[in-house]
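If you read the sequences in order, they're chains A and B. Here our numbering is used: the first residue of the first sequence is 8, the next is one more, and so on. Here our numbering is used: the first residue of the second sequence is 7, the next is one more, and so on. Structure record follows, encoded as structure tokens.
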Amino acid sequence: MLSVKGLKASVEGREILRGLDLEVGAGEVHAIMGPNGSGKSTLAHVLAGREGYEVTGGRILLEGEDLLDPAPEERARKGLFLAFQYPVELPGVNNTYFLKAALNAVRKARGEPEIDAVSFLRLMREKLKVLHLDDSLLKRAVNVGFSGGEKKRNEIFQMALLEPKLAVLDETDSGLDIDALRLVADGVNALRSPDRSVVLVTHYQRLLDYIEPDRVHVLVHGRILRSGGKELALELEEKGYGWIEADQEGEAA
Amino acid sequence: MSTIASTAEPRQHLLEDWLDSGSAAADRSITPWMDEERQSALEKVRRLGIPSTKQEAWRYSSLKPLTEQRFSPYPAEETSLTRGDLDALVIPGMDAHRAVLVNGRLVPHLSDLQDLPPGARVMSLRAMLEQEPDAVSGHLNKLAGRGDQVFTALNTAGLEDGLLVSVDPGLAVERPVEILHLSVGADVPRVAQPRHLLVLGEGARATVIERYLSLGEPLYCTNSVLELILEPGAGLDHHRIQTESPNAFHLTGLYLSQARGSRYRGLNLGLGAAWSRTDLVVRFSGPEADCELAGLYLAGDRQLVDYHLDVEHGVPHCTSRERFKGILYGRGRAVFDGRIHVARGAHKTDAHLSNKNLLLSRSAEVDTKPQLEIFADDVKCSHGTTVGQIDPDVLFYLRSRGISELAARRMLCLGFAGEIIDDLAPEPLRDYVATQVGSRLEKTTQE
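Below, the structure written as structure tokens:
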């Protein structure tokens with residue numbers, strides 16, 4: 008599904024990603040863990056095509072197609088979804104209007120007709136229920152006046168609606184209490200399918216109690232230093248990231 | 007010396023041209039009292055002359071584009087327009103008592119005024135002046151005649167006709183009254199100077215929709231003056247929608263007088279015209295009156311839109327809210343001047359002004375100037391103005407959901423405008439304005 012090879016990226020001339028490799032198969036859930044400043048969020052943003060990140064080397068393929076060249080909206084239409092760490096507020100932009108525009112843009116790219124009003128409403132109600140979000144959210148402006156937890160759940164709600172091939176969750180667990188975390192996890196788990204992959208960017212192991220990953224990768228200084236099964240996350244929880252860094256230095260020496 | 011003479015000369019043309027038939031009209035006496043008003047306005051016009059950008063009130067809005075044109079009043083002739091021609095211009099689903107003015111003149115056979123309830127009148131101001139001058143002399147040109155706005159004086163000097171809208175005390179007119187100003191092309195550039203007087207009696211209520219639009223894209227000038235009198239406890243919802251031809255010049259002087267406990271909600275939409283200037287003047291004559299002035303303006307290539315607000319709290323215990331937003335694109339220019347004056351003794355005044363602008367291009371420009379002048383104690387007053395651009399983070403968020411950059415920008419502009427548009431009632435009007443703004447933004451975001 009996703010193939011990242013030798014990815015190098017800089018922000019304001021400072022190299023953050025230094026040759027990152029990542030292979031995510033169809034239907035798999037991969038967790039990217041790592042200390043602060045290791046490049047986790049940069050990876051998420053580079054995948055989505057945010058401005059201000061300069062890719063200086065490597066490639067990214069989604070289902071064998073180049074993902075680096077297309078504009079952010081093109082990537083979304085190809086099936087990429089980024090759940091933001093800090094979802095922005097859109098004052099005056101009605102949620103229903105926004106969601107419908109997004110869904111129709113994605114449907115159009117998939118060669119599907121525009122959704123009619125009745126089916127759209129039904130679809131939204133159904134997805135809202137999964138995330139225990141209130142109907143009133145649809146009448147409000149996007150993310151305006153939402154609590155932190157509501158904003159994160161709204162991201163997952165959007166993901167559920169857009170049904171991406173590859174979902175990248177950028178620290179979706181940060182700032183969530185245990186109930187909200189469970190709801191987010193339920194939302195993600197409900198979406199797991201053999202033709203959909205998920206990349207979870209997270210700082211803590213906690214989220215992985217609820218969303219069981221197929222693979223765990225440890226990102227340090229812009230490269231993946233270690234990969235393993237879900238037990239790697241537990242090991243990290245116990246020993247901290249210093250252990251891998253020390254280990255790496257040991258190997259290098 | 008010669009430079010002064012050569013620049014001064016074409017400017018004076020404007021006064022002579024506009025009043026050409028104005029002076030002819032002065033020969034056609036209306037009533038002795040009105041004739042005197044017109045004569046003194048004419049003297050005022052000659053005394054004031056055409057303002058230059060050295061005058062504070064015109065500092066950012068040069069009158070050059072206006073003075074470069076020669077406008078003459080429309081000849082008195084019957085319009086050939088039929089009701090069928092109006093179908094494309096009326097707001098779909100909008101149920102209203104409608105007065106239609108073509109080139110500044112009321113056209114009864116295009117209007118729908120027969121269903122007004124007893125006690126409510128929408129009629130020719132001239133007819134009223136001729137039949138019952140005493141009914142209007144107490145109000146007409148009382149507030150508008152006080153200031154030194156030369157275009158208001160020009161309107162008075164050339165006063166021929168307009169509308170009288172009056173509602174008897176205690177009466178609530180449920181259906182909105184729509185005043186539709188339609189300009190159609192003429193052989194040469196023409197100027198219309200409609201003059202309206204609206205009086206709501208004690209406790210009366212009404213909704214007025216005032217529209218300015220044109221057939222095609224003719225070059226002309228509208229210089230309208232409105233005087234609104236709200237007696238104690240009266241309430242007026244006033245929606246003003248200016249969508250004139252992209253070649254038109256538009257001037258409005260609106261003078262509002264509010265008595266004790268009256269309530270005014272005015273919403274101004276400046277979407278059209280090449281060059282427009284609106285003066286909104288508010289005076290309170292009694293306590294506990296409440297005034298809301300909101301507005302939205304859009305200006306693109308070569309367009310200038312200018313709003314001047316002058317709210318004077320001369321008596322205690324009144325509230326006013328001024329909330330204006332603007333979207334500028336291409337080489338569009340906007341001027342916003344919001345003055346709130348709180349006189350000595352006007353304690354417990356509650357006045358707030360905000361002006362927010364969204365600039366979509368590097369060459370767009372806005373000059374915004376809030377002025378709070380407070381001479382009373384124990385007041386709550388504030389003002390705030392902002393000039394910003396579309397936040398790239400917000401744009402990225404929308405694009406990351408598959409929405410094109412163009413559509414995303416449009417969505418954000420509509421969101422910005424929504425805060426003003428959403429206040430519009432009734433619903434058909436809100437839908438109409440949202441569509442108008444949306445279609446203007448199509449062009450806005452194509453850069």
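Virtual Cβ for every residue (Gly too), placed ideally from N, Cα, C.
- At a cut-off of 9 Å between C-beta atoms, residue 417 of chain B counts as an interface residue with respect to chain A.
- Counted as a single uninterrupted DSSP element, the beta strand (DSSP E) harbouring residue 176 of chain A occupies residues 173-177.
- In this structure, the straight-line span from the alpha carbon of residue 8 of chain A to that of residue 69 of chain A is close to 6 Å.
- For the pair of segments examined, the stretch 319-328 of chain B was found to touch the stretch 344-359 of chain B: the number of CB pairs separated by less than 8 Å reaches three.
- With respect to chain A, the C-beta atom of residue 414 of chain B has a partner C-beta closer than 9 Å.
- Between residue 405 of chain B and chain A, the shortest Cβ-Cβ separation is below 9 Å.
- For residue 410 of chain B, at least one C-beta of chain A is nearer than 9 Å to its own C-beta.
- When the five nearest sequence neighbours on each side are left out, no beta carbon in the same chain lies closer than 6 Å to the beta carbon of residue 131 of chain A.
- At least one C-beta of chain B is nearer than 9 Å to the C-beta of residue 82 of chain A.
- At a C-beta separation below 8 Å, residue 79 of chain A has these neighbours in chain B: 402, 405, 406.
- When beta bridges are read from the DSSP output, residue 79 of chain B appears opposite B:197.
- In this structure, the CA atom of residue 296 of chain B is about 43 Å from the CA atom of residue 405 of chain B.
- Residue-level contact check: residue 109 of chain A touches chain B, since one or more beta carbons of chain B fall below 9 Å from its beta carbon.
- Annotation: the continuous beta strand (DSSP E) that includes residue 264 of chain B extends over 255-264.
- Spanning the alpha carbons of residue 126 of chain B and residue 120 of chain B requires a straight line of approximately 11 Å.
- The beta carbon of residue 106 of chain B is closer than 8 Å to those of 92, 112, 113, 116, 117, 186, 188 in its chain, skipping five residues each way along the sequence.
- The beta-carbon of residue 378 of chain B is placed no less than 9 Å from the nearest beta-carbon of chain A.
- Residue pairing by DSSP puts residue 314 of chain B in a beta bridge opposite B:285, B:343.
- A Cβ of chain B is located within less than 9 Å of the beta carbon of residue 104 of chain A.
- For a Cβ distance threshold of 9 Å, nothing in chain A lies close to residue 307 of chain B: the least Cβ distance comes to about 25 Å.
- For the pair residue 220 of chain A and residue 197 of chain A, the CB atoms are not nearer than the 9 Å cut-off.
- For residue 180 of chain B, there is no enclosing alpha helix (DSSP H), since its DSSP letter is neither H nor E.
- Within 9 Å of the CB of residue 113 of chain A, the CB atoms of chain B belong to 407, 408, in sequence order along the chain.
- DSSP, read as helix, strand or coil, puts residue 218 of chain B in strand.
- Looking at the DSSP output, residue 106 of chain B bridges to B:186.
- Annotation for residue 112 of chain A: 80, 83, 84 place their beta carbon closer than 8 Å to its own, counting only its chain and skipping 5 residues before and after.
- Per DSSP, residue 386 of chain B lies in no alpha helix (DSSP H); the unbroken beta strand (DSSP E) holding it starts and ends at 386-394.
- At a Cβ-Cβ threshold of 9 Å, residue 101 of chain A and residue 424 of chain B count as neighbours.
- With a threshold of 9 Å between beta carbons, residue 422 of chain B makes contact with chain A.
- Residue contact with chain A for residue 397 of chain B: present (Cβ-Cβ distance below 9 Å to some residue of chain A).
- For residue 166 of chain B, no chain A residue has a Cβ inside 8 Å of its Cβ, as the nearest lies near 43 Å away.
- According to the DSSP assignment, residue 125 of chain A belongs to the alpha helix (DSSP H) that extends over 124-137.
- Of the candidates A:108, A:225, A:39, A:116, A:108 places its Cα closest to the Cα of residue 124 of chain A.
- For the C-beta of residue 425 of chain B, the chain A residues within less than 9 Å are, from N- to C-terminus, 98, 99.
- The C-beta distance from residue 289 of chain B to residue 263 of chain B rounds to 5 Å, short enough to meet the 8 Å contact threshold.
- A straight line joining the alpha-carbon of residue 167 of chain A with that of residue 211 of chain A spans about 23 Å.
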